[in-house]
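Structure record follows, encoded as structure tokens.
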Amino acid sequence: MDCWVVCFWGTDPETGVDCYNDVFAESFSKESSIAAWEAVGAVPPSHACLNDKQVLWELGDASQDDVTQIAMMEMQMANTIACDLLTARGFQGNLCAILQ
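Just add 83 to wherever you are in the sequence shown, counting from 1, and you've got my numbering.
Below, the structure written as structure tokens:
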């Protein structure tokens, strides 16, 4: 018996049995996904957690000496330079911007 028949779906070429369930579709169906998110309290899905100051972190929230703050500012500067370069060369560089 081929493994793909058992794992996914189809007819077993050796026995001709056609009663295997599509395990992949059952596992990743809309209903299964919602049930999994519901189990951890994330239904309905939203961005509400970003209103919590323990979750949302923005540039300027920490001291200027903070290592994370410095790294974030360097990444933002590199992203801005790259986006400006793309725009100058005729591309839509703004679509790659981290902060708009």
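Where a beta carbon is used, it is the ideal one built from N, C-alpha and C, also for glycine.
Out of the options, which has the shortest C-alpha to C-alpha gap to residue i?
i	options	result
Ile164	Leu139, Ala180, Thr151, Ala122	Ala180
When you compare only the Cα positions, how much space is there between residue i and residue j?
i	j	result
Arg172	Cys166	10 Å
Val88	Trp140	Low per-residue confidence applies at Val88: pLDDT is 45, beneath 50, and the placement is therefore not dependable, though the value from the model is reported in the following sentence. Distance between the alpha carbons of Val88 and Trp140 is about 47 Å.
Asn144	Met155	The question names Asn, but residue 144 in the sequence shown is Asp. The straight-line gap from Cα to Cα measures roughly 11 Å.
Leu169	Asn162	11 Å
Gly176	Ala131	29 Å
Pro128	Val106	25 Å
Asp135	Leu182	19 Å
Val100	Ser112	24 Å
Asp148	Phe174	35 Å
Quick one: measure Cβ to Cβ for residue i and residue j, integer angstroms, because I've assumed they're closer than 8 Å.
i	j	result
Leu142	Gln159	7 Å
Glu109	Ser115	7 Å
Ser146	Gln152	7 Å
Ile117	Val126	6 Å
With a threshold of 16 other CB atoms inside 10 Å of the CB of residue i, please say whether the residue is buried or exposed.
i	result
Asp85	Low confidence applies to Asp85: its pLDDT is 47, below 50, so where it sits in the model is not reliable, and the reading given next is rough at best. Asp85 is exposed by the Cβ-count criterion.
Curious, which full-length alpha helix (DSSP H) runs of at least 4 residues does the region 148-173 contain? 150-171
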